[in-house]
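Using the working numbering, you'd call the opening residue of the sequence shown number 1316 and step up by one each time.
The beta-carbon is built from N, C-alpha and C at its ideal position, and this holds for glycine as well.
As the structure is a computational prediction, the values presented were derived from the model and not from experiment.
Taking it in order: structure first as structure tokens, then the write-up.
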Amino acid sequence: PESVVPRRVPGMLAAVGILASLGAVLLTARPDGAFRVGDWAGVYGWEVVSESSAHRWMGPRAFRRIRPGETSVSCAVRNERPDDRPVLVTADLDGRVVQRLTVPHEETRYLNVDGIPAGTRALRLVMEPSFVPYRITGRRDFRDLSLRLEWASGEKAP
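Below, the structure written as structure tokens:
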């Protein structure tokens, strides 16, 4: 026996999809919408290596919310790419480039952004090149990664 789909089901499915899309847009309409769960977006969860060591991998773009009254942001980034390539970091505040930094393989560099103007909403870090571990090593990790975030001001490791 064939199943019969009532004529109104496709219309109802379309309406549900439109409402879900509208809900997603409304949740992120404010600039702070991307930072609902913390000060960082574009950064994966903590990976605890030992009792005294933890880090977070960053994607090809990461954003750090600038809190009201905050005038500086610092972080330590480490290049642990499996292919030995250096990574270029371009940092900007609300679209205005403030720093470029090259992180050689197996080295840690500190990014310090001072003199953040009042009203600035976000620090954006763009890392090039990024990599997918599976494509280089065959390890079953399909994330698009760039650098490890070792430490950031205003943040505590787990």
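When DSSP states are grouped into helix, strand and coil, leucine 1334 belongs to the helix group. Here asparagine 1394 is buried, its C-beta having at least 16 other C-beta atoms within 10 Å. Apart from the 5 residues on each side of it in sequence, alanine 1467 sits with its Cβ closer than 6 Å to the Cβ of Cys1390 in its chain, given in chain order. Assignment of alanine 1329 by DSSP, reduced to helix, strand and coil, places it in the helix class. Closest in alpha carbon position to glutamate 1443, among Val1402, Val1392, Gly1384, Glu1366, is Val1402. DSSP places threonine 1386 in the coil class of the three-state scheme, outside both helix and strand. A contact is defined here as three or more CB-CB pairs under 8 Å, and the segment 1412-1427 fails this definition with respect to the segment 1367-1386.
With contacts defined by Cβ atoms closer than 8 Å, histidine 1370 and aspartate 1399 do not form a contacting pair. The closest CA to that of glycine 1430, considering only Thr1423, Arg1424, Leu1438, is found on Leu1438. In the DSSP secondary-structure assignment, asparagine 1427 is bridged to Ser1389.
Counting only the Cα atoms, arginine 1322 lies some 18 Å from isoleucine 1333. Of Pro1325, Leu1328, Ile1451, Val1428, the smallest CA-CA separation from threonine 1386 is found for Val1428. The residues Arg1376, Thr1405, in chain order, have a CB closer than 6 Å to that of valine 1441 in the same chain once the five nearest residues on each side in sequence are set aside. Taken through DSSP and simplified to helix, strand or coil, arginine 1450 comes out as helix.
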